[in-house]
Amino acid sequence: MSDRAAGLTSFRRYTWWAVPGTTGAVLVLLVGSWIVDADLPAWARALAVAALATETTASVVLLGGRLAQGPGDDERPELPSAGWLSAAATATVVLAVLPLAWRNYGLWAVAPAVTVAIGATYLRAGTRRWLIGGATVLAVVPGGAVSLAQGDGELAYAALFPAGLVAFTVWMVLGPLWAWDVAGRLDRARRLEAELAVKDERLRFAADLHDIQGHHLQVIALKSELAARLAEVDPARAAAEMREVRRLSADALRDTRAVVHGYRRTTLDDEIAGAVRVLAAADIDARMVLDPTAARTDLADSARHLLGLVMRESITNVLRHSHARHAEVDYRVTGSLARLRVSNDGADAHPAGAAGTGLTGLGERLRAAGGELTWARDGDRFVLVASLPTASTTSSASTTPSALPESGATR
C-alpha cells in the first residue's frame, strides 16, 4: 500500500471515530447518565433505555453509511435507508419528550440535534442550510413554551441553550465530514492527474511512433514498388532498391526500439538530409533553400526535434497525399523565429493532415512550445509553414540564402 493510500485509510479511521464513534458515545454518556440519575418511573425508564439504544445504533449506522459512500463521491450523497431514518426519528421524539416533561432544558435537544446533523450530511448545501437554520429556530420553542407554562423563571436558558446545542452539534458532525470529503476530492484529483499523465505519455508515444513508422513504411512501399517495376528491365537497380528497402526496414526496427526506450531524438539537419534522398528516389525534383546563418543559430534541442518531426511529416505527406513533380524546402531564421517552409505541387483535393493525427498533433506540440504550424492548399499546390522561437535573437538581414537544387532520380 502506498503512503498516500495508507494516509487516507488512517484519516478515514480517524473520521469514523470522530463522527459516528463520538456521536454514539456522547448520546450514551449524556442521556444514559440522566436515565440512571433521574427520578423516573419504571415505564419511562424502560422507554428511555429502548429509545437510547435505538438512537445510538441508528446514528452510528447512518453516519457510518455516509462515510462508506466514499469522500466526495457526489455533491449529493445517496439517501440512507428509510427504516433507519424512521427508527432514529421515533427514538428522537421519545428522547426529547421525556427530558422535556421533567423540565431538563439542557438535555431534551441532544437527540434532536444529532438527528438533524445526520440528516444534514445527506442533503445538498442549499437544502442543508434551510434544515439547520429551521431546526435552530424551532429549538427555541419547546423549552421556552414549557418554561413559560411552568413559570420557573428559566425562560432564557430553556429557549436559547437548545438552539445553541443544535448549531454546535451540527458543526461538530459536519466539520470532520467536510474535511473527509475534501481529502477524498483531492485524492481523486491526484489519481486523475496521474491518469492524465499516463494518457499524455501514450499520446506522445503514439505520435512519435506514427512519425517513425509512417515515414519509413511510406518510403519502403515506394522503393518496393520501384523495384518491382525495374525487376525485368533493370535487375541490378532493382536489387539495389531492395537492398535499400532492407536497410530502411532495419532502420525502422532500430528507431522503433529506440522510441520504446525513450532515447530517439529526431533532428532537423538529419531529416533535411534524408528528405533529399527520399524525394530523389520518388522522381521528385527537390529544391533546398537553406539559410547559412540558421546552422549557427542558438536553437534548443527540443525545437530542432520538433522541426525535424515537421520535416519528416511533410515529406511523408508529399509522398502519400500528392502526385508531386516538384518540391521545395526553405529553412531560415528571421529575427527571433526559426521558420521551416515546405511546398509541393500535385496536391490531392483534400489537404494532408486536415483530418488525421500527423500535422494536427504536431501543430498542438508546436503551439505548446510557443510556435505555430500552418498549412494550406492553393490549387494543386500545398504549402506548410512551421515556426519556433530561437533561444536568442539572430539577425538575418544581410545574408543571402544559398539555393542547393537537388535533381530527382532519373527514370
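The numbering of the sequence shown is the working numbering, which starts it at 2 and goes up by one.
For each residue, glycine too, the CB sits at the ideal point set by N, CA and C.
Since we're looking at a predicted model, the values are computed, not measured.
Looking only at its own chain, which residues have a Cβ that is under 7 Å from the Cβ of residue i, when we skip the five neighbours before and after it?
| i | result |
| --- | --- |
| G33 | L53 |
| L1 | The requested residue 1 is not part of the displayed model; the chain covers only 2 to 412. |
| D381 | D346, G347, A348 |
| P177 | T16, A19, V20 |
| Y158 | Y106 |
| P390 | S337, L338, G371, G372 |
| R46 | I36 |
Helix, strand or coil for residue i per DSSP?
| i | result |
| --- | --- |
| N318 | helix |
| A287 | strand |
| A190 | helix |
| A348 | strand |
| A356 | Reliability of the predicted coordinates at A356 is poor, the pLDDT of 42 falling under 50, and the value obtained from them is presented with this limitation in mind. In this structure, A356 counts as coil in the three-state DSSP scheme. |
Taking the alpha helix (DSSP H) that residue i falls in, what are its first and last residues?
| i | result |
| --- | --- |
| D271 | 269-282 |
| R129 | 126-139 |
| R326 | Note, R326: premise wrong, no alpha helix (DSSP H); not H, not E. |
| V20 | Segment: none, V20 is in no alpha helix (DSSP H) and carries neither H nor E. |
| T91 | 83-102 |
| S60 | 43-69 |
| A339 | Per DSSP, A339 belongs to no alpha helix (DSSP H); it is in the beta strand (DSSP E), 338-345. |
| G362 | 359-369 |
| G120 | 111-122 |
In its own chain, which residues sit with a C-beta less than 8 Å from the C-beta of residue i, not counting the 5 before and 5 after it?
| i | result |
| --- | --- |
| T1 | A question about residue 1 goes unanswered here, because the residues of the chain that appear run from 2 up to 412. |
| R305 | T268, L269, D270 |
| V61 | P21, G22, T24, G25 |
For residue i, which residues of its own chain have a beta-carbon under 6 Å away from its beta-carbon, when the five flanking residues on both sides are left out?
| i | result |
| --- | --- |
| A239 | A228, L231, A232 |
| A276 | I316 |
| T55 | A88, A92 |
| W44 | none |
| F383 | N345, A348 |
| V111 | L31 |
| W109 | A97, P100, L101 |
| D168 | It is worth fixing the name first, because residue 168 is Ala in this sequence and not Asp. Excluding residues within five positions, the ones whose Cβ falls inside 6 Å are T137. |
| G359 | E314 |
To the nearest angstrom, how far is the alpha carbon of residue i from that of residue j?
| i | j | result |
| --- | --- | --- |
| V171 | E194 | 34 Å |
| L308 | R368 | 12 Å |
| G65 | V29 | 17 Å |
| G144 | Q151 | 11 Å |
| H485 | E245 | This structure cannot speak to residue 485, because the chain is shown only from 2 to 412. |
| A69 | V37 | 34 Å |
| E155 | S148 | 6 Å |
| V138 | D153 | 22 Å |
| T91 | T122 | 19 Å |
| A190 | P163 | 40 Å |
| R104 | A146 | 11 Å |
| D286 | L280 | 7 Å |
| D201 | G371 | 19 Å |
| V117 | A208 | 56 Å |
| W376 | M243 | 34 Å |
| M289 | A222 | 24 Å |
| L166 | R129 | 17 Å |
| S344 | S303 | 24 Å |
| D331 | A339 | 11 Å |
| E365 | F206 | 15 Å |
| L218 | A237 | 23 Å |
| V220 | A251 | 13 Å |
| L161 | A39 | 23 Å |
| L204 | A136 | 54 Å |
| R278 | T361 | 26 Å |
| V234 | R247 | 21 Å |
| E272 | A259 | 17 Å |
| W35 | L197 | 57 Å |
| A83 | R67 | 14 Å |
| W179 | G134 | 18 Å |
Which residues mark the beginning and the end of the beta strand (DSSP E) in which residue i is found?
| i | result |
| --- | --- |
| E373 | 373-379 |
| P390 | 382-390 |
Can the beta-carbon of residue i be found less than 9 Å from the beta-carbon of residue j?
| i | j | result |
| --- | --- | --- |
| A387 | R342 | yes |
| V174 | T58 | no |
| V115 | V27 | yes |
| K224 | L254 | no |
| L310 | L385 | no |
| A283 | A325 | yes |
| L41 | A51 | no |
| W181 | R13 | yes |
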